[in-house]
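*Asks:*
There are 2 protein chains.
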Amino acid sequence: MIYSYQRLESYIIDLLQSMGCSKYDSKIISDVLIKAELRNISSHGVSRLKDYVNLWKTKRINPNPDISIVHETLSTAVVDGDSSFGMIAGEYAMNLAIKKAEKVGTAWISVRNSNHFGIAGYYAMKALEHDMIGICMTNANPLVAPTFSVDRLLGTNPIAVAIPAGKYPPFVADFATTPIARGKLDLMHKKADKAPEGYVQDKDGRPSNDPNILTSGGAILPLGGDYLHGSHKGYCLGAIVDIFSAVLSGANFGPFVPPSVAYLPVLENQPGIGTGHFMGAMRIDAFQKADEFKAQMDLWIETFKNAKTDSYHESVIIPGEPEREWEIKNMKNGINILDKIIEDLNIIALEQNINPL
Amino acid sequence: MIYSYQRLESYIIDLLQSMGCSKYDSKIISDVLIKAELRNISSHGVSRLKDYVNLWKTKRINPNPDISIVHETLSTAVVDGDSSFGMIAGEYAMNLAIKKAEKVGTAWISVRNSNHFGIAGYYAMKALEHDMIGICMTNANPLVAPTFSVDRLLGTNPIAVAIPAGKYPPFVADFATTPIARGKLDLMHKKADKAPEGYVQDKDGRPSNDPNILTSGGAILPLGGDYLHGSHKGYCLGAIVDIFSAVLSGANFGPFVPPSVAYLPVLENQPGIGTGHFMGAMRIDAFQKADEFKAQMDLWIETFKNAKTDSYHESVIIPGEPEREWEIKNMKNGINILDKIIEDLNIIALEQNINPL
Numbered sequence: 158m159i160y161s162y163q164r165l166e167s168y169i170i171d172l173l174q175s176m177g178c179s180k181y182d183s184k185i186i187s188d189v190l191i192k193a194e195l196r197n198i199s200s201h202g203v204s205r206l207k208d209y210v211n212l213w214k215t216k217r218i219n220p221n222p223d224i225s226i227v228h229e230t231l232s233t234a235v236v237d238g239d240s241s242f243g244m245i246a247g248e249y250a251m252n253l254a255i256k257k258a259e260k261v262g263t264a265w266i267s268v269r270n271s272n273h274f275g276i277a278g279y280y281a282m283k284a285l286e287h288d289m290i291g292i293c294m295t296n297a298n299p300l301v302a303p304t305f306s307v308d309r310l311l312g313t314n315p316i317a318v319a320i321p322a323g324k325y326p327p328f329v330a331d332f333a334t335t336p337i338a339r340g341k342l343d344l345m346h347k348k349a350d351k352a353p354e355g356y357v358q359d360k361d362g363r364p365s366n367d368p369n370i371l372t373s374g375g376a377i378l379p380l381g382g383d384y385l386h387g388s389h390k391g392y393c394l395g396a397i398v399d400i401f402s403a404v405l406s407g408a409n410f411g412p413f414v415p416p417s418v419a420y421l422p423v424l425e426n427q428p429g430i431g432t433g434h435f436m437g438a439m440r441i442d443a444f445q446k447a448d449e450f451k452a453q454m455d456l457w458i459e460t461f462k463n464a465k466t467d468s469y470h471e472s473v474i475i476p477g478e479p480e481r482e483w484e485i486k487n488m489k490n491g492i493n494i495l496d497k498i499i500e501d502l503n504i505i506a507l508e509q510n511i512n513p514l
Numbered sequence: 158m159i160y161s162y163q164r165l166e167s168y169i170i171d172l173l174q175s176m177g178c179s180k181y182d183s184k185i186i187s188d189v190l191i192k193a194e195l196r197n198i199s200s201h202g203v204s205r206l207k208d209y210v211n212l213w214k215t216k217r218i219n220p221n222p223d224i225s226i227v228h229e230t231l232s233t234a235v236v237d238g239d240s241s242f243g244m245i246a247g248e249y250a251m252n253l254a255i256k257k258a259e260k261v262g263t264a265w266i267s268v269r270n271s272n273h274f275g276i277a278g279y280y281a282m283k284a285l286e287h288d289m290i291g292i293c294m295t296n297a298n299p300l301v302a303p304t305f306s307v308d309r310l311l312g313t314n315p316i317a318v319a320i321p322a323g324k325y326p327p328f329v330a331d332f333a334t335t336p337i338a339r340g341k342l343d344l345m346h347k348k349a350d351k352a353p354e355g356y357v358q359d360k361d362g363r364p365s366n367d368p369n370i371l372t373s374g375g376a377i378l379p380l381g382g383d384y385l386h387g388s389h390k391g392y393c394l395g396a397i398v399d400i401f402s403a404v405l406s407g408a409n410f411g412p413f414v415p416p417s418v419a420y421l422p423v424l425e426n427q428p429g430i431g432t433g434h435f436m437g438a439m440r441i442d443a444f445q446k447a448d449e450f451k452a453q454m455d456l457w458i459e460t461f462k463n464a465k466t467d468s469y470h471e472s473v474i475i476p477g478e479p480e481r482e483w484e485i486k487n488m489k490n491g492i493n494i495l496d497k498i499i500e501d502l503n504i505i506a507l508e509q510n511i512n513p514l
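Residue numbers (this note's numbering), protein chains in the order written: chain A, 158 to 514; chain B, 158 to 514.
1) For Ile191/B, which residues from the same chain have a beta carbon less than 7 Å from its beta carbon, with the 5 sequence-adjacent residues on both sides left out?
2) Strictly by DSSP, which residues pair up with Lys364/B?
3) Less than 8 Å between the C-beta atoms of Lys341/B and Asp455/B, yes or no?
4) Apply the 10 Å Cβ neighbour rule to Tyr356/B and answer buried if 16 or more other Cβ atoms are within range, or exposed otherwise.
5) Starting from Ala250/A, find everything on chain B with Cβ-Cβ shorter than 8 Å and list it in chain order.
6) According to DSSP, is Met251/B part of a helix, a strand, or is it coil?
7) Taking the runs of the beta strand (DSSP E) that are 3 residues or longer, which of them lie wholly in the segment 252-335 of chain A?
8) Is Ala506/B close to chain A? Criterion is C-beta to C-beta, closer than 8 Å.
9) By how many angstroms is the C-alpha of Trp213/A removed from the C-alpha of Pro315/B?
10) Based on DSSP bridge pairs, tell me the residues matched to Gly437/A.
11) Could you run through the segment 273-298 of chain B and flag, in chain order, every residue whose CB is less than 7 Å away from some CB of chain A?
12) Who are the near neighbours of Val506/A in its chain, counting only those whose CB is closer than 6 Å to its CB and skipping five residues on each side?
13) So, Val414/A versus Pro299/A, is the Cβ gap smaller than 8 Å?
14) I'd like to know if Met563/B contacts chain A, where contact means its C-beta is closer than 8 Å to some C-beta of that chain.
15) Under 6 Å Cβ to Cβ from Gly243/B, same chain only, skipping five residues before and after it: list those, please.
16) If I follow the unbroken beta strand (DSSP E) through Ser167/A, where does it start and stop?
17) How about Pro353/A: is its C-beta nearer than 8 Å to some C-beta of chain B?
18) Could you name the residues that DSSP lists as bridge partners for Ile492/A?
19) From the DSSP output, in three-state form, read off Glu229/A for me.
20) Assign Val423/A to one of three DSSP states: helix, strand, or coil.
21) Report the partner residues of Ile535/A according to the DSSP bridge assignment.
22) Ignore the nearest five residues each way along the sequence and tell me which others in Ser225/A's own chain have a CB closer than 6 Å to its CB.
23) Look at the alpha carbon of Gly278/B and the alpha carbon of Pro327/B, and state the distance between them as a whole number of angstroms.
24) At the level of alpha carbons, what is the spacing between Ser417/B and Tyr209/B?
25) With respect to the alpha helix (DSSP H) encompassing Asn510/A, which residues constitute its N-terminal and C-terminal limits?
26) Count the other CB atoms, across all protein chains shown, that sit within 10 Å of the CB of Ala254/A; report buried if there are 16 or more and exposed otherwise.
27) List the residues of chain B that Leu190/A touches, going by C-beta distances under 9 Å, in chain order.
28) For the segment 276-292 of chain B and the segment 358-371 of chain A, state whether three or more C-beta atom pairs, one from each stretch, are separated by less than 8 Å.
29) Report the rounded CA-to-CA distance for Ile266/A versus Ser402/A, giving the unit in angstroms.
30) In angstroms, rounded to a whole number, what distance separates the CA positions of Tyr249/B and Val203/B?
31) If we ignore side chains and look at the alpha-carbon of each, how far apart do Ile185/A and Leu173/A end up?
32) Could you check which residue in Asp223/B, Val261/B, Thr215/B has the C-alpha nearest to that of Ser232/B?
33) By Cβ distance below 8 Å, which residues in the same chain neighbour Phe444/B in space, the five residues on each side in sequence not counted?
34) May I ask you to list the residues that DSSP assigns as paired with Ala396/A?
35) Here's a check: name, in chain order, each residue in its chain whose Cβ is nearer than 7 Å to the Cβ of Asp399/B, leaving out the five neighbours to either side.
36) Going by alpha carbons, who is nearest to Asp239/B out of Ala376/B, Asp442/B, Ser406/B, Lys489/B?
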């Protein structure tokens with residue numbers, strides 16, 4: 158069914174307030190989820206609310222966090238999220254990065270004791286309105302086997318980078334460090350499709366075409382797929398995200414990252430606290446005059462848009478372009494939510510005594 | 158033939174001094190090339206000297222540069238390399254990043270008007286002895302077609318990240334944002350091998366197995382290979398390296414990056430100056446106490462080393478491990494240089510009136 162984003166927002170804010178979140182925090186969490194829905198990244202939208210409610214019920218998400226700075230320098234900080242919704246710790250950290258970058262040019266915040274924060278691109282894009290480049294990464298529960306491994310040691314650990322342009326919309330890259338995200342595998346399984354070669358392996362590390370292989374000890378492969386095609390580079394990327402997000406902050410790393418669903422237990426003897434993120438902001442004018450930089454970014458974008466393409470495609474895509482087109486379309490026409498998800502959300506509404514969708 | 162690294166160093170320093178480089182600069186350039194040879198990255202070692210000499214003859218490399226800071230803040234700078242050897246601009250920029258990071262926690266330097274700088278890992282690793290994380294990237298002459306493109310718009314644009322550990326050697330990732338580097342394609346061509354699927358495409362954007370396809374309008378593919386396997390993510394990575402290295406600094410970006418060989422001309426109407434690099438240094442203790450961070454990195458490394466592997470491999474590789482093993486071996490046993498390369502170097506020795514190898 159189609160809902161306006163305003164209707165979804167009103168549901169989300171009602172729900173979060175019923176869980177004890179402040180109105181202010183509820184709006185932030187809603188903004189991140191709505192942004193994902195508008196940009197057609199529905200794996201990170203309202204479908205996540207069911208998991209969030211269950212994590213809150215088991216006290217793994219704290220609706221009233223006391224977020225604090227554990228340590229800081231002029232261009233850095235470690236932030237403790239106090240088991241908050243990842244969006245609240247994420248918003249706090251990115252705002253802090255922007256504030257510090259205003260003073261010294263750039264700033265980098267590593268976050269511990271957080272939870273699933275939605276789409277990384279949301280936080281990176283916050284820097285744009287300050288004429289800054291925004292960078293955001295997060296670790297995530299382990300589903301990925303590094304090259305040669307059978308064990309799942311890394312999450313799909315995304316990287317987002319948002320770069321302002323002039324007359325053109327900004328460059329917004331936001332991608333998992335794997336060929337595919339888990340949500341798309343689930344979709345293939347539901348449709349009884351096979352997974353293409355290079356997406357997953359079975360519990361012994363052999364190539365597999367079963368999109369449901371994660372339920373029987375299989376793993377997602379790093380970007381590159383196999384060693385011959387550079388999976389060790391995808392593994393390096395996932396590892397860098399993990400170390401910046403979790404070893405720098407004191408969060409859990411690698412296989413110890415807590416699951417973002419309540420039905421999977423948190424491991425005992427964890428080496429850190431909660432999930433980790435890493436955020437950065439770089440003032441453009443710490444390098445170049447902002448106008449000159451933006452004019453050069455416009456030229457960069459034109460150069461790539463005007464490149465010759467293969468016979469199947471009209472133009473090279475500038476990172477962020479498809480998501481922005483969806484955003485414009487979905488703001489106007491509304492957002493399509495699957496019946497199964499609406500059903501779940503309306504059961505929650507009944508439990509929490511709020512208006513259903 | 159096998160040479161000690163000291164013998165190679167003496168040749169390189171003689172050669173560079175004969176070209177007008179200072180003794181100090183010659184040693185830095187030699188260190189970068191020797192590091193590549195020791196680490197078995199011979200595509201970036203002494204085989205490059207022939208190109209460097211030709212670039213110097215055509216005045217595209219300046220042996221006596223006046224490197225300057227164009228603009229700076231407490232945590233950033235734009236550096237102009239004055240057409241120097243990339244190693245000289247690179248060393249200058251990384252030292253500046255380290256100096257600034259000492260004061261404010263982290264620092265980021267974007268470099269323009271530089272040239273080919275050898276292996277990115279060399280600069281990233283310089284941060285390690287200061288208990289800092291080092292980051293280094295560079296753009297390079299265009300050989301890579303972004304997803305859907307037929308035109309070559311990006312270089313193999315490498316990323317290097319060096320992270321200190323405690324009792325274990327550091328984590329050192331250093332990788333091109335493509336499945337393969339150009340040097341390996343050349344080797345396949347020489348051996349009359351076919352290139353595996355997912356490495357290159359022909360001039361019309363069709364998959365190709367010809368490792369020599371770059372000479373007939375073909376292109377290297379981004380990491381991921383094709384869209385189905387996430388080549389748009391590899392394209393994003395290459396684009397981010399390009400923008401940080403060149404748009405932030407005012408160097409040439411994308412298809413305008415000058416060739417690192419003299420037999421290819423520099424394009425007219427360039428949008429920037431020379432080749433660009435981007436370097437960063439982050440003090441560990443700007444986030445965590447250095448000892449605690451290193452103990453956690455040791456745990457990270459142990460966790461990954463102790464993971465279960467597939468039946469063909471003994472353990473998961475920690476980034477930097479194979480190169481370090483080569484370095485120890487080659488320091489002891491010497492470095493094998495191909496006869497064809499020795500021949501070239503000895504012709505140069507004759508021209509430049511220095512001792513041959």
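Note that the Cβ used here is the ideal one computed from N, Cα and C, for glycine as well.
*Replies:* Considering the structure as presented:
1) Start at 1 with the first residue of the second sequence, and residue 191/B comes out as number 34. If we look at Ile191/B and ignore the five residues flanking it on each side, its Cβ neighbours are Tyr162, Leu165, Glu166.
2) As a position in the second sequence, residue 364/B is number 207, starting the count at 1. In the sequence as displayed, the identity of residue 364/B is Pro instead of Lys. Looking at the DSSP assignment, Pro364/B forms a beta bridge with Gln358/B.
3) One-based indexing of the second sequence puts residue 341/B at position 184. One-based indexing of the second sequence puts residue 455/B at position 298. Cβ distance not < 8 Å, so Lys341/B and Asp455/B don't count as in contact.
4) Taking the first residue of the second sequence as position 1, residue 356/B is located at position 199. Counting C-beta atoms within 10 angstroms of its own C-beta, Tyr356/B has 16 or more neighbours from the protein chains shown and is therefore classed as buried.
5) For the purposes of this step, residue 250/A is taken as the residue at position 93 of the first sequence. None at all; the shortest Cβ gap to chain B is about 13 Å.
6) The residue given as residue 251/B occupies position 94 in the second sequence. Helix.
7) Given a length threshold of 3 residues, each whole run of the beta strand (DSSP E) inside the segment 252-335 of chain A is given here in chain order: 263-271, 289-295, 316-320, 328-332.
8) In the second sequence, the residue the question calls residue 506/B occupies position 349. Ala506/B does not count as touching chain A.
9) Here residue 315/B corresponds to residue number 158 of the second sequence, with the count starting at 1. Here residue 213/A corresponds to residue number 56 of the first sequence, with the count starting at 1. Cα-Cα distance, rounded: 42 Å.
10) If you number the first sequence from 1, residue 437/A lands on position 280. DSSP output for Gly437/A lists Trp265/A, Ile292/A as bridge partner(s).
11) Residues passing the 7 Å Cβ filter: none.
12) In the first sequence, the residue the question calls residue 506/A occupies position 349. As written in the sequence, residue 506/A is Ala, which differs from the Val given in the question. Excluding positions up to five away in sequence, the list reads Pro513.
13) Along the first sequence, read from residue 1 onward, the residue named residue 414/A stands at position 257. Along the first sequence, read from residue 1 onward, the residue named residue 299/A stands at position 142. Yes, the Cβ-Cβ distance between Val414/A and Pro299/A is below 8 Å.
14) Because residue 563/B is not part of the residues shown, which for chain B are 158 to 514, the question remains open.
15) Here residue 243/B corresponds to residue number 86 of the second sequence, with the count starting at 1. Excluding residues within five positions, the ones whose Cβ falls inside 6 Å are Ser271, Asn272, His273, Phe274.
16) The residue given as residue 167/A occupies position 10 in the first sequence. It is not in any beta strand (DSSP E) - Ser167/A instead sits in the alpha helix (DSSP H) that spans 162-175.
17) As a working mapping, residue 353/A is identified with position 196 in the first sequence. Yes, its Cβ sits closer than 8 Å to a Cβ of chain B.
18) Locating residue 492/A in the first sequence gives position 335, counting from the first residue. Per DSSP, Tyr160/A.
19) In the first sequence, residue 229/A corresponds to position 72, counting from 1. Glu229/A: strand per DSSP, three-state reduction.
20) Start at 1 with the first residue of the first sequence, and residue 423/A comes out as number 266. In this structure, Val423/A counts as coil in the three-state DSSP scheme.
21) Because chain A spans 158 through 514 in this model, residue 535/A falls outside it and cannot be assessed.
22) Residue mapping note: residue 225/A aligns to position 68 of the first sequence, counting from 1. Excluding sequence neighbours, Ser225/A sits near Asp237.
23) The count along the second sequence starts at 1 and reaches residue 278/B at position 121. The count along the second sequence starts at 1 and reaches residue 327/B at position 170. Near 12 Å, if we compare the C-alpha coordinates of Pro327/B and Gly278/B.
24) Here residue 417/B corresponds to residue number 260 of the second sequence, with the count starting at 1. Here residue 209/B corresponds to residue number 52 of the second sequence, with the count starting at 1. Those two C-alpha atoms are separated by around 8 Å.
25) Translated into the one-based positions of the first sequence, residue 510/A becomes position 353. Premise fails: Asn510/A is in no alpha helix (DSSP H) and is neither H nor E.
26) Position 97 of the first sequence holds residue 254/A. With 16 or more Cβ atoms within 10 Å of its Cβ, Ala254/A is classed as buried.
27) By 1-based counting over the first sequence, the position of residue 190/A is 33. The premise fails here: Leu190/A is roughly 23 Å from chain B at the closest Cβ pair, so nothing lies under 9 Å.
28) no
29) Along the first sequence, read from residue 1 onward, the residue named residue 266/A stands at position 109. Along the first sequence, read from residue 1 onward, the residue named residue 402/A stands at position 245. Answer to the nearest angstrom: the Cα atoms are 9 Å apart.
30) Along the second sequence, read from residue 1 onward, the residue named residue 249/B stands at position 92. Along the second sequence, read from residue 1 onward, the residue named residue 203/B stands at position 46. In a straight line, the C-alpha of Tyr249/B is about 22 Å away from that of Val203/B.
31) As a first step, residue 185/A is located in the first sequence; it is residue number 28 there, counting from the start. As a first step, residue 173/A is located in the first sequence; it is residue number 16 there, counting from the start. Cα to Cα, Ile185/A sits roughly 11 Å from Leu173/A.
32) For this step, residue 232/B is matched to residue 75 along the second sequence. Checking every option, the nearest Cα to that of Ser232/B belongs to Val261/B.
33) Taking the second sequence and counting its residues from 1, one reaches residue 444/B at position 287. So the qualifying residues of the chain are Phe450.
34) As a first step, residue 396/A must be located in the first sequence, where it is residue number 239. Answer is none; Ala396/A lacks a bridge partner.
35) Residue numbering aside, residue 399/B sits at position 242 when the second sequence is read from its first letter. For Asp399/B, where only same-chain residues beyond five positions count, the Cβ hits under 7 Å are Asn296, Leu311, Asn314, Phe410, Gly411.
36) For this step, residue 239/B is matched to residue 82 along the second sequence. Ranking the options by Cα distance to Asp239/B, first place goes to Ser406/B.
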